[in-house]
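Here's the structure we're looking at; comments come further down.
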Amino acid sequence: MELAIFGGKPVFSETQPVGLPLVENDTIERYHRLLDKVFQVNFLTNDGPLLRRLEEALSERFRVKQAVVVTNATLAQMLIMRAEGINSGRVIIPTNTFISTAHVCEWVGAVPVFADIDPLTLNLDPLEIRRLAVPDLVAVMPTHVFGVMANLPTIIEEAKKLKLRVICDAAHAFDCDAGGSGPGGCGVPEFLSFHATKFFSTFEGGAILTNDPDLAREMRELRNFGFAGIDDVSALGINAKMTEAAAAFGLASLPALEARRERLRLVHAAYQQSLAGIQGVRLHDFSQGKNNHRYFPIFIEDSFGASRDAVCQALWQENILVRRYFYPGCHRMRYYARKTPGGPIPLPQADKVLGKILCLPTSFAELPDLEGVKRLSDCLARLQKAAPAVEKYWREYSGEVNLENTEESH
Ligand code: T4K
Numbered sequence: 004m005e006l007a008i009f010g011g012k013p014v015f016s017e018t019q020p021v022g023l024p025l026v027e028n029d030t031i032e033r034y035h036r037l038l039d040k041v042f043q044v045n046f047l048t049n050d051g052p053l054l055r056r057l058e059e060a061l062s063e064r065f066r067v068k069q070a071v072v073v074t075n076a077t078l079a080q081m082l083i084m085r086a087e088g089i090n091s092g093r094v095i096i097p098t099n100t101f102i103s104t105a106h107v108c109e110w111v112g113a114v115p116v117f118a119d120i121d122p123l124t125l126n127l128d129p130l131e132i133r134r135l136a137v138p139d140l141v142a143v144m145p146t147h148v149f150g151v152m153a154n155l156p157t158i159i160e161e162a163k164k165l166k167l168r169v170i171c172d173a174a175h176a177f178d179c180d181a182g183g184s185g186p187g188g189c190g191v192p193e194f195l196s197f198h199a200t201k202f203f204s205t206f207e208g209g210a211i212l213t214n215d216p217d218l219a220r221e222m223r224e225l226r227n228f229g230f231a232g233i234d235d236v237s238a239l240g241i242n243a244k245m246t247e248a249a250a251a252f253g254l255a256s257l258p259a260l261e262a263r264r265e266r267l268r269l270v271h272a273a274y275q276q277s278l279a280g281i282q283g284v285r286l287h288d289f290s291q292g293k294n295n296h297r298y299f300p301i302f303i304e305d306s307f308g309a310s311r312d313a314v315c316q317a318l319w320q321e322n323i324l325v326r327r328y329f330y331p332g333c334h335r336m337r338y339y340a341r342k343t344p345g346g347p348i349p350l351p352q353a354d355k356v357l358g359k360i361l362c363l364p365t366s367f368a369e370l371p372d373l374e375g376v377k378r379l380s381d382c383l384a385r386l387q388k389a390a391p392a393v394e395k396y397w398r399e400y401s402g403e404v405n406l407e408n409t410e411e412s413h
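Our numbering applies: residue 4 is where the sequence shown begins, and numbers increase by one.
See the structure below:
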């Protein structure tokens, strides 16, 4: 079968995005029934009954005292930082995270300091805390990338020595854990994302998990403009309220999650089997604990014979919209890179691993997931067999978009 870059028919007739939302038919039915109730009660937002039900369900699920539901994870992070009084100083974040983790630091008045990662977990390397310690450091903010938990116990220990706060980006980590401890389990505030592409979604949404009732109360005020009561504004709040329609979608999704996770687990297992024999394809290690299996990253090693970007472009031509999360790392994103005189400071582990990563779809449009996995894996095997020609094609015909030639290269 001819590869699409050489004029063959694409493996998929429809595009297969990485972030195809996970929505079952029975979830949609439950959602419609809940929406009917929303209109019967005619309470559409502002701490409505469904939002409160969702908060209770989440605090029970994550075994924390409080779950504070908000419009998205970006605002969740902002509320925690405001409530914790972080409005200046420096905050260590791993470079391998979504750009919002860094941006929010700046939005609240702090400066993100980008740290290198452990190449095996892809998460913040705890040793970086000591290396990057400066007097105005105020916090550390690890991320559980792809639901593999950051080493929070060690990070908390290191942070204590320097009197730093720890806040955790658990956007990927819904229903994930390590050694039985999941988001909210280590006693520091953590926030989740319920974006459409996530394992658990409310279209857009997020939540903060905490055991501190005062912090939760403060964040509930902050998400509602700072109102502490009618006509009583106690703080510089913002609008971060989740609507009843979004909360309804969350509640409708909850009963589907065990089966959803099992479906995704089978996809992971199928990929692990079908990609194992392909030269130069390295798989990510998910053996640490429970995972929701939403992401399936692979690494295109040198022995594949073609570069990651050549493979990425060839797969796009096959209608497989793989993504390079979180290439090139926050430290090399133009907005942050240009702030460092002389250009971004290299972070060797992240630079190396983010040059190889590709996230594959874990659900497929219009065909059974395992059939999608098989087609994609066969395609990768054919790409590897034709690697020199794939690389040559990429170099010759795609020079203008070749990231090797841009300032984001490394
Ligand atoms: N921290 C971390 C570690 C995060 O990953 C994120 C979000 C956050 C914090 C912030 O959370 P929120 O404030 O968003 O709650 C997407 C998401 O927009 C973003 O939420 C997510 N991380 C990030 C990992 O992925 P993009 O720029 O990749 O999105 P986009 O539009 O390119 O979509 C990805 C793929 O999914 C595309 O192929 C299209 C497909 N898609 C997307 C949507 C929204 C669909 O098929 N259907 C859809 O409804 O950022």
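Just so it is clear, CB atoms sit at the ideal spot from N, CA and C, and this is done for glycine as well.
- The Cβ-Cβ distance between L254 and A60 falls below 8 Å.
- Following the DSSP letters along the chain, one finds I8 in no beta strand (DSSP E), marked with neither H nor E.
- Note on the stretch 207 to 289: whole beta strand (DSSP E) runs with a minimum of 3 residues are 209 to 213, 230 to 232 and 284 to 286, in chain order.
- Sequence-distant partners of P347 (beyond 5 residues in either direction) whose C-beta falls short of 6 Å from its own C-beta, in its chain, are H334, R335 and A340.
- When Cβ pairs closer than 8 Å are counted between the two stretches, the stretch 265 to 273 is seen to touch the stretch 365 to 383, the count reaching three or more.
- Per the DSSP secondary-structure output, V116 pairs in a beta bridge with I95.
- Beyond the five residues adjoining it in sequence on each side, A231 comes within less than 6 Å, by CB distance, of E224 and S237 in the same chain, given in chain order.
- Per the coordinates, the alpha-carbon of Q275 lies some 26 Å from the alpha-carbon of I8.
- The count of Cβ pairs closer than 8 Å, one atom from the stretch 116 to 123 and one from the stretch 350 to 362, reaches three, so the stretches are in contact.
- Our two residues, K244 and L318, have alpha carbons roughly 39 Å apart in a direct line.
- C179 sits in coil when the DSSP states are folded into three classes, being neither helix nor strand.
- A76: member of the alpha helix (DSSP H) spanning A76 to A86, first to last residue.
- Three or more pairs of CB atoms, one per stretch, sit closer than 8 Å, so the stretch 70 to 83 contacts the stretch 192 to 209.
- By the beta-carbon neighbour count (other beta carbons within 10 angstroms, threshold 16), L127 is buried.
- Taking the Cβ atoms as the reference, R326 lies roughly 5 Å from V21, within the contact range of under 8 Å.
- When DSSP reads this structure, I323 sits in a beta bridge with Q19.
- Distance between G182 and G292, taken at the CA atoms: about 6 Å.
- Cα atoms of A279 and T124: separation of roughly 19 Å, rounded to the nearest angstrom.
- Note: C171 is bridge-paired with E193 in the DSSP secondary-structure output.
- In its chain, beyond the 5 residues on either side, G283 have a beta carbon closer than 8 Å to the beta carbon of D305.
- Annotated three-state conformation of P300 is strand, per DSSP.
- Residue pairing by DSSP places L363 opposite F299 in a beta bridge.
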